[in-house]
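Engineer:
In the working numbering, the protein residues as written are 119 to 185.
#1: Buried or exposed, going by whether 16 or more other CB atoms sit within 10 Å of the CB of residue 126?
#2: Answer yes or no: do residue 172 and residue 129 have a C-beta to C-beta separation smaller than 7 Å?
#3: Which term fits residue 109, buried or exposed, when burial requires 16 or more other beta carbons within 10 angstroms of its beta carbon?
#4: Taking the straight line between their C-alpha atoms, what separation do you get for residue 150 and residue 181?
#5: So, using beta-carbon positions, are residue 123 and residue 175 closer together than 7 Å?
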């Protein structure tokens with residue numbers, strides 16, 4: 119099972135999205151990079167924002183963690 123950040127990165131890369139796009143207006147790109155590296159755990163609000171930018175539901179995200 120990969121950490122949240124690794125899952126975000128895998129999904130983002132599979133969808134050919136940039137870190138800047140996924141970070142959006144809710145968080146800085148540098149903070150998003152730290153999330154992807156597993157250095158920071160996003161707040162629930164930021165977690166929701168990232169999922170929205172990835173066009174992903176909670177169930178899809180948690181399923182992808184085990185791929």
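Where is the CB? At the ideal position from N, CA and C, for every residue including glycine.
Structural biologist: So, from the listed chains and residues:
#1: By one-based count along the chain shown, residue 126 stands at place 8. Buried, because 16 or more other Cβ atoms sit within 10 Å of the Cβ of residue 126.
#2: Reading the chain shown from its first residue, position 54 is the one you call residue 172. Reading the chain shown from its first residue, position 11 is the one you call residue 129. A distance below 7 Å separates the beta carbons of residue 172 and residue 129.
#3: There is simply no residue 109 to check, as the chain begins at 119 and stops at 185 in what is shown.
#4: Position 32 of the chain shown, counting from 1, holds the residue named residue 150. Position 63 of the chain shown, counting from 1, holds the residue named residue 181. Computed Cα separation, rounded: 21 Å.
#5: Looking up residue 123 in the chain shown gives position 5. Looking up residue 175 in the chain shown gives position 57. No, these two residues do not count as a Cβ contact at 7 Å.
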